[in-house]
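Numbering (my numbering), first residue to last: 20 to 270.
Backbone N, C-alpha and C define an ideal beta-carbon position, used for all residues, glycine too.
Written out below as C-alpha cells is the structure these notes cover.
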Ligand code: BV8
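And the structure:
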C-alpha cells in the first residue's frame, strides 16, 4: 500500500478532527475471512440469497433453515480474528478526541479488536432472543429442537439481529444520527451503501458540513458525494492512514 494514495489533506483533516465517526460494513470483515453480503455465499449456503434469508418471512416459513444459517455464520465468525483494519480503528480511537464506531456488521469483530463506543445498528449474532417476546435469552436446556424454544414462554428463539423489513431500535438509530450530526469527519468503510437507514447516515453528516471519506475497492452510491475516496482494502488503507497521521507512535 503506497503512501501516495492517501492525500496529505486527509491526513491533516484526521490529525485535527475533534469528533470522528466511522461507519463500517461487511467489507471491513472481509480480510478476516467473513464473506460479505455481496460475495457469493460459500459452500452450503451458495444457493441462498442473504437478503432472502435475513427476513422475518424466511424465519416464519423455515425457522430451522434460518437458525442453521446463523449457526453456520456464528461458527465461521468464532474462527475469524480481527484484521489490521479493525486494529487500526482501535489505534485511531485512541488518538482522536472522540470516535464513534457505527457498524452494520453483526460479527462482533470490532469489540474483539478492542474498539469502544460501538453502535451496532443491526444487532449481533452472538446474542439470542425470544422471537415472541424479544427479550434476550442467555442459555437454554440442551435440546434436539432446531431452533430451540424459549425457556420462559416456549416461543422460538432467534438471533438478536435486525432483519430486512424490521425496524432498527429507535435508541440505536438516534445514537447514530446524533453522532453523525455532531462530527467533523466520517469514514464509510467496506459498505456498499445500499442498505437503509444505515446508508443515509453519511448524508446527515454531509448536511452539517462534515468531511466524508470512503474506503472501498469499488465505487458505491456514496462515492460521488465524498471528499476523499480511497480505493482499496480496509485492512491495508486504515493502518497506512493511521501510521501517516501519527507517525511517531508507529506500532
Ligand atoms: C427498515 C443483519 C423499516 C442481518 C442486515 C428501498 C429504499 C430504501 C430502503 C428500502 C428499500 N426497500 C427496502 C428497504 C428497506 C431495507 C433496505 O435498505 N433494503 C435494501 C436492500 C434496499 N432496509 C430494511 O429493511 C431495514 N429496516 O427499513 O425498517 C421499518 C420501519 C418501521 C416498521 C417496519 C419496518 C433493516 C436493514 C437491516 C437488515 N439487516 N444485517 C444479517 O446480517 O443477517 S443488513 C446487512 O446487509 C448488513 O448488516 C449490511 O447492512 C448489509 C450488507 O451491506 P454491506 O455491509 O455494505 O455489505 P455488502 O456485502 O453489501 O458490501 C460489502 C462492501 O465491502 C462492498 O462495497 C465491497 O466492495 C466492499 N469490500 C469488499 N472487500 C473489502 C471491502 N471494503 C473494504 N475492504 C475490503 N477488504
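Original post:
Would you call residue 264 buried or exposed, if buried means 16 or more other Cβ atoms sit within 10 Å of its Cβ?
Top reply: Answer is buried; the Cβ neighbour count reaches 16.
**OP:** State buried or exposed for residue 22, treating a residue as buried only when at least 16 other CB atoms are found within 10 Å of its CB.
**Re:** Any reading at residue 22 needs caution, since the residue's pLDDT is 47, under 50, leaving its predicted position unreliable; the model's value is listed next. Residue environment: residue 22 is assigned as exposed (fewer than 16 neighbouring CB atoms within 10 Å of its CB, all protein chains considered).
Subject >> Backbone secondary structure at residue 204 - three-state DSSP >> reply: Taken through DSSP and simplified to helix, strand or coil, residue 204 comes out as strand.
Original post:
Is residue 123 near the ligand BV8, judged by its Cβ being under 7 Å from some heavy atom?
Top reply: Answer for residue 123: yes, Cβ within range of the ligand BV8.
Original post:
Do residue 179 and the ligand BV8 come close, with the Cβ less than 7 Å from some heavy atom?
Top reply: In terms of side-chain proximity, the C-beta atom of residue 179 is found no nearer than 7 Å to any non-hydrogen atom of the ligand BV8.
Original post:
By how many angstroms is the C-alpha of residue 84 removed from the C-alpha of residue 20?
Top reply: Only weak support is given to the placement of residue 20: the predicted model assigns it a pLDDT of 47, under 50, and the question is left unresolved by the model.
**OP:** Could you tell me which uninterrupted alpha helix (DSSP H) segments, each at least 4 residues in length, are contained entirely in the segment 187–231, listed from first to last along the chain?
**Re:** 189–200, 220–226, all fully within the segment 187–231.
Subject >> Neighbour-count burial assignment, residue 179, 16 or more Cβ in a 10 Å radius >> reply: Around the C-beta of residue 179, 16 or more other C-beta atoms lie within 10 Å, and the residue is accordingly described as buried.
**OP:** Could you spell out the range, first to last residue, of the alpha helix (DSSP H) harbouring residue 256?
**Re:** Counting along the chain, the alpha helix (DSSP H) containing residue 256 begins and ends at 253–264.
Original post:
Is it right to say residue 190 is buried, meaning 16 or more other beta carbons lie within 10 angstroms of its own, or is it exposed?
Top reply: Flag for residue 190 reads exposed.
**OP:** Over the uninterrupted beta strand (DSSP E) stretch that includes residue 238, give me the two end residues.
**Re:** Segment: none, residue 238 is in no beta strand (DSSP E) and carries neither H nor E.
Original post:
Between which two residues does the beta strand (DSSP E) containing residue 249 stretch?
Top reply: Unbroken beta strand (DSSP E) run through residue 249: 247–249.
Original post:
So is residue 175 buried or exposed if we call it buried at 16+ other beta carbons inside 10 Å?
Top reply: Residue 175 comes out buried.
Original post:
What residues match up with residue 185 in a beta bridge as DSSP calls it?
Top reply: Its beta-bridge partners do not exist; DSSP assigns none.
Original post:
In or out: residue 239 buried (at least 16 other Cβ within 10 Å) or exposed?
Top reply: By the neighbour-count rule (16 or more Cβ atoms within 10 Å), residue 239 is buried.
Original post:
In terms of DSSP beta bridges, what is residue 171 paired with?
Top reply: BP columns for residue 171 are empty, so no partner.
**OP:** Ignore the nearest five residues each way along the sequence and tell me which others in residue 117's own chain have a CB closer than 6 Å to its CB.
**Re:** Shown here for residue 117: same chain residues with a beta carbon closer than 6 Å to its own, the five before and five after excluded, namely 38 in chain order.
**OP:** Sort out for me which residues DSSP pairs residue 140 with in a bridge.
**Re:** Among the bridge pairs identified by DSSP, residue 140 is matched with none.
Original post:
Is it the case that the CB of residue 235 approaches a heavy atom of the ligand BV8 more closely than 7 Å?
Top reply: Judged by the Cβ position, residue 235 qualifies as a neighbour of the ligand BV8 at the 7 Å threshold, a heavy atom of the ligand being closer than this.
**OP:** Give a single yes or no on whether residue 44 has its beta carbon closer than 7 Å to a heavy atom of the ligand BV8.
**Re:** Checking every heavy atom of the ligand BV8 against the Cβ of residue 44, one is found closer than 7 Å.
Original post:
Mind checking if residue 108 is an interface residue toward chain D, Cβ cutoff 8 Å exclusive?
Top reply: Although the question refers to chain D, the structure presented lacks it and comprises just one protein chain.
Original post:
Does DSSP classify residue 24 as helix, strand or coil?
Top reply: Here residue 24 sits in helix by DSSP.
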